[in-house]
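Peer 1:
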Amino acid sequence: MNSLFVSNSATCYGRPFYRTIRNVKEVRRVSFLALRSPRCAMDLSVGGEDFRYNSVVKFPRMHMRDPYKLLGVTPDVSEEEIRGARNFLLQQYAGHERSVEAIELAYEKIIMKSFRERKKAKINLKNKLRNKVEDSPSFKKLLSSVEVPKIDLILRRLFLFGFMAVWSVMYSAQTGPAFQVFLALLSCIFFLNEKMKDGKRACFTGFGALVVGWVVGATIVPLVPAYIFPPTWSLELLTSFVAYVFLFLACTFLK
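Counting in my numbering, the sequence shown runs without a single skipped number right up to 256 at its last residue.
#1: Which class does V225 belong to by DSSP, given the choice of helix, strand or coil?
#2: Have a look at K59, S137, L130 and flag the residue whose alpha-carbon is nearest the alpha-carbon of E102.
#3: Let me confirm a value: V243 is counted as buried when at least 16 other C-beta atoms fall within 10 Å, else exposed. Which label applies?
#4: Whose CA, out of L106, E135, N128, P138, lies closest to the CA of H64?
#5: Are there three or more Cβ pairs, one per stretch, closer than 8 Å when the stretch 192-207 is compared with the stretch 228-245?
#6: Starting from Q93 and walking both ways along the alpha helix (DSSP H), at which residues does that stretch end?
#7: By Cβ distance, which residues of its chain are closer than 6 Å to A166, with the 5 residues on each side in sequence left out?
#8: Is V149 helix, strand or coil by DSSP?
#9: Quick one: using the 10 Å Cβ neighbour count with 16 as the cut-off for buried, is F180 buried or exposed?
#10: Expressed to the nearest angstrom, what Euclidean distance is found between the alpha-carbon atoms of F164 and A203?
#11: Let's see if you can read the secondary structure: which residues bound the alpha helix (DSSP H) around F243?
#12: How many angstroms separate the CA atom of A86 from the CA atom of G218?
#13: Quick one: grab the DSSP three-state call for Y108.
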């Protein structure tokens, strides 16, 4: 019987072997091994895929509840450092989905907390500034010199100075508003004297309101586009409107 050489490179033993088969039983045994060899190779290949899947690196701190500890930073670091830690961890554990989700969630928690703290700090700063202004002696003195009269009194004086403004417009083509401004000043001094019971103080306050109103009007009116007003309205007329407003406020709301 001739010699028979059997080789099997796909078996589980990892190297080929050569044997001389001298009887039928050995032939059957070798044939049986040859039939089982591909299955062993298949099992090894599948096991390799499982090994590669299980070898994905997981983030060890993904279950921590503290977002700062999860990212490996302290609460006093800047947002740039937090962003840098987050980007570094995402690069390290990009192959594991749950790790990436945990890192992103921790980063969002820190950013939202920082936003709320900044918003709260701004509100506290506004409250502090308002309290300082309200507690300042100058502001208290200003409040003590102002009063809010009844609505009917406000409406009557508003009608009076509004009439002065309309009168100035009606005669703006003929004469300037000097006469109407003078009457408005006298009316303001009269109303102030009723409240202050002091003629000198009333005259000083009324004249001061006129000067301030005229200066403000002469400063603001040139800044307003000219096409808004009718072409017949002069700079003097528009300035007198601002002066009427200041005279109305002085005689109505000052004590």
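All C-beta atoms in this analysis are idealised placements derived from N, C-alpha and C, irrespective of residue type, glycine included. Keep in mind the model is a prediction, meaning the values are calculated, not measured.
Peer 2: Checking against the coordinates, here is how it stands:
#1: coil
#2: K59
#3: Its Cβ being crowded by 16 or more others within 10 Å, V243 is buried.
#4: L106
#5: Output reads no: the stretch 228-245 does not touch the stretch 192-207.
#6: 80-93
#7: F242, Y245
#8: DSSP, reduced to helix, strand and coil, places V149 outside both helices and strands of the structure shown, so it counts as coil.
#9: exposed
#10: 22 Å
#11: In the sequence under discussion, the amino acid at residue 243 is Val, which differs from the Phe named in the question. Unbroken alpha helix (DSSP H) run through V243: 236-254.
#12: 58 Å
#13: helix
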